[in-house]
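In our numbering, the protein residues as written are 6 to 803.
Glycine residues also receive a C-beta, built at the ideal position from the N, C-alpha and C atoms.
What follows is the structure, encoded as structure tokens:
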């Protein structure tokens, strides 16, 4: 056993020993997810700072809204449920309550009635926020602490059990909504998609890989190494103390695609060896041919992925870091393990002597299809180039119409349980999206309590005037009834004024307990909660702009009336999610542009010329421009997973482009013409390119069956991007190389400076690249080879 074999054996032993640890850590990563957009923004994000200040003052915005048919203000069991939620030990972590608050419409009506407000008036004040249009249906609102939010998967079923115990309502009849339910539903839906479809997808990948590679041994090697790369990358997330997010869910498919692409290229290089080569010689040859394009591709893609770390949003930065690390790990394992394992398992080397002799005897009419295709492409390279470039320009223009969305209705199907619950709650109780208005009065303003109430009333009226705001909840809602009769004497007037003042002071204390008013040493803050529908097609950006313009106008009116000492701001979950969504689109655009520019610079260095690098980038951006331009033209909103599919497509396209160009340049350096070099690039790389796209596309297509809309959308987008990448690399790139742009790669060592006009017999008899013994790159033609290898006893590839 030589030193190389001993090294390889040690690596395999270490891998087997570490495998249980790696699998365990990967399982830990998958089991812990954090899919709330609130967690995506860093602590110094402006909207996050405002929201955090709000939650520190008035409590968490992470709530569960709970109701059911028959949940009315006249139901006494609601009091028992509220008591259970506040006191049962299962809702405590030692001495810390996991909820921030529990409120019911029934309790609010009782509180108003206790303040001498008639019940009819109390219902009127709460209608549109805590009481439905019928005047009796209400809900329970449960606010979660930060620690409680981390245990939402455990607490939500406990809430359902408490409701069933106290109110005798089964869990399947409950309607739940709110940010907590949104995040939990995304967690469960994404996990369910992986659990249900991961195994079928793996089976499809294995089956299609077996068919394409024609060797079960080669397929097991590539499939097994790609699976290990996925597991190792997931384990890295857990080892770094991070959790899965909606963005990191697409990381395993990215690693799988890059691993399969690199592995399949090496398998094809291995099997294109001469029939007389031993498995060790074939493995050495595969490594010698493949190490350069694999490293160039990995380095270029890693530079592009690492550019995502400039984003302000945490998930994008994490994706950039982990995808870069996973790519480096994957490339190292592919180069280290694939050729060596092919040799150790003695995978059959493709024998193509018979096909070569048959094609040389068959004459011009039976040339291999690859030659026919290249000849057609050479004659019509101008039409192909112009047509595809025009399609890119049109698609690029349509991309300006793209918009992103993380709204709940874009994440789930119309018939999903969560959207059904949202529709029921919004039709029977009230809209569910809050926007919080905070009015800050400085103590130096000198405003009395009555004057502050007047300003709050003015701001509340301005908020309600917005077309999409259906209601509001504030201290005004719980204002007690004050004497309205005219005093008959000065003493009676003083007494009435003193009574009103004392009543308001006592009520102010109740408002503070309800977290509607907050007092500090130097200022007082008042809260108004506006309510907006989650399901109506409301443009939150336009709505926020309208609200802020109204608030600014009210504040300026206050200054003109000699009351300048108050400030107004709009915050809450909806403004934060809107700003995160907007920043998401900005960051992804800028990150992709930075990745494109970085990869372009690297490509110019690799190709040795600025022009060559720019031309080489055209097929790399072709799939992204084409598919995302189509989405923009169709006005289909994209989510975070859809956008990140562009990074995967860029990685695949760069990989295929560099393999193709590396073979093309080697052919030119050996004296071939451009047509011969393109033909040899097809023979060496074309098969691996369509095989990897077909295998990965078939595996991703399985996830299009998911009920979780982002997973299904990501799957069909990946299939479309794979198809577009093949068009870019096997049509646009060769057309560019066969046309005037191809002269950028010609050197003084090339035999020709024009497209090859050599006769077909000369082309077939020439050996333009020392290693080539491969068949054509298209699957329509089969190798005529013996059914079994006497050397290996393995069925030969078809």
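- When rounded, the separation of the alpha-carbon atoms in residue 147 and residue 71 is 8 Å.
- One thing to note: residue 742 has its Cβ no nearer than 8 Å to the Cβ of residue 657.
- Residue environment analysis places residue 696 among the buried positions, since at least 16 neighbouring C-beta atoms fall within 10 angstroms of its C-beta.
- Distance from the CA of residue 406 to the CA of residue 125, rounded to the nearest whole angstrom, comes to 49 Å.
- In the displayed model, residue 104 falls within a strand according to three-state DSSP.
- Residue 483 holds the alpha-carbon nearest to the alpha-carbon of residue 513 among 527, 745, 22 and 483.
- Annotation for residue 625: the continuous alpha helix (DSSP H) segment containing it runs 615 to 639.
- Annotation for residue 85: 171 and 172 place their beta carbon closer than 8 Å to its own, counting only its chain and skipping 5 residues before and after.
- Under the 8 Å Cβ criterion, the region 205 to 214 counts as touching the region 705 to 719, having at least three qualifying pairs.
- The shortest C-alpha to C-alpha distance from residue 264 to any of 694, 51, 471 and 636 is the one to 694.
- In the DSSP secondary-structure assignment, residue 145 is bridged to 71 and 109.
- In this structure residue 511 is exposed. Its beta-carbon is surrounded by fewer than 16 other beta-carbon atoms within 10 angstroms.
- Within the model, the alpha-carbon separation for residue 232 versus residue 666 is close to 28 Å.
- Rounded to the nearest angstrom, the Cβ distance from residue 347 to residue 275 is 5 Å, consistent with a contact under 8 Å.
- When 437, 415 and 620 are compared, the shortest CA-CA separation from residue 136 is found for 437.
- The beta carbons of residue 121 and residue 486 sit closer together than 8 Å.
- Here DSSP, grouped into helix, strand and coil, assigns residue 248 to coil.
- Scanning the region 503 to 543 for uninterrupted beta strand (DSSP E) segments of 3 residues or longer gives 522 to 524 and 528 to 537, listed from N- to C-terminal end.
- Bounds of any alpha helix (DSSP H) do not take in residue 180; it lies within the beta strand (DSSP E) bounded by 180 to 182.
- One thing to note: residue 519 has its Cβ no nearer than 8 Å to the Cβ of residue 545.
- Within the same chain, 215 come within 7 Å of residue 221 by CB-CB distance, once the 5 residues on both sides are set aside.
- Separation of the CB atoms of residue 382 and residue 389 is rounded to 7 Å, and the pair is thereby assigned contact status at 8 Å.
- In the DSSP secondary-structure assignment, residue 98 is bridged to 101.
- Around the beta carbon of residue 681, 16 or more other beta carbons sit within 10 angstroms, so the residue counts as buried.
- Here residue 308 has 600, 603, 604 and 607 as same chain residues with Cβ atoms under 8 Å from its own Cβ, once five neighbours each way along the sequence are excluded.
- Looking at the DSSP output, residue 77 sits in a beta bridge with 142.
- Listed in chain order, the alpha helix (DSSP H) runs fully inside the region 402 to 490 are 422 to 433 and 454 to 469, counting runs of at least 4 residues.
- For the pair residue 474 and residue 144, the CB atoms are not nearer than the 8 Å cut-off.
- For residue 576, the secondary structure class from DSSP, reduced to helix, strand or coil, is strand.
- In this structure, the CA atom of residue 699 is about 11 Å from the CA atom of residue 692.
- In the structure shown, the three-state DSSP call for residue 597 is helix.
- When secondary structure is reduced to three states using DSSP, residue 13 falls in the helix class.
- For the 8 Å CB-CB criterion, residue 104 and residue 83 do not form a contact.
- CA-CA distance, residue 426 to residue 719, rounds to 25 Å.
- Residue 581 is positioned such that its CB atom lies closer than 8 Å to that of residue 46.
- Rounded to whole angstroms, residue 285 and residue 266 show a C-alpha spacing of 22 Å.
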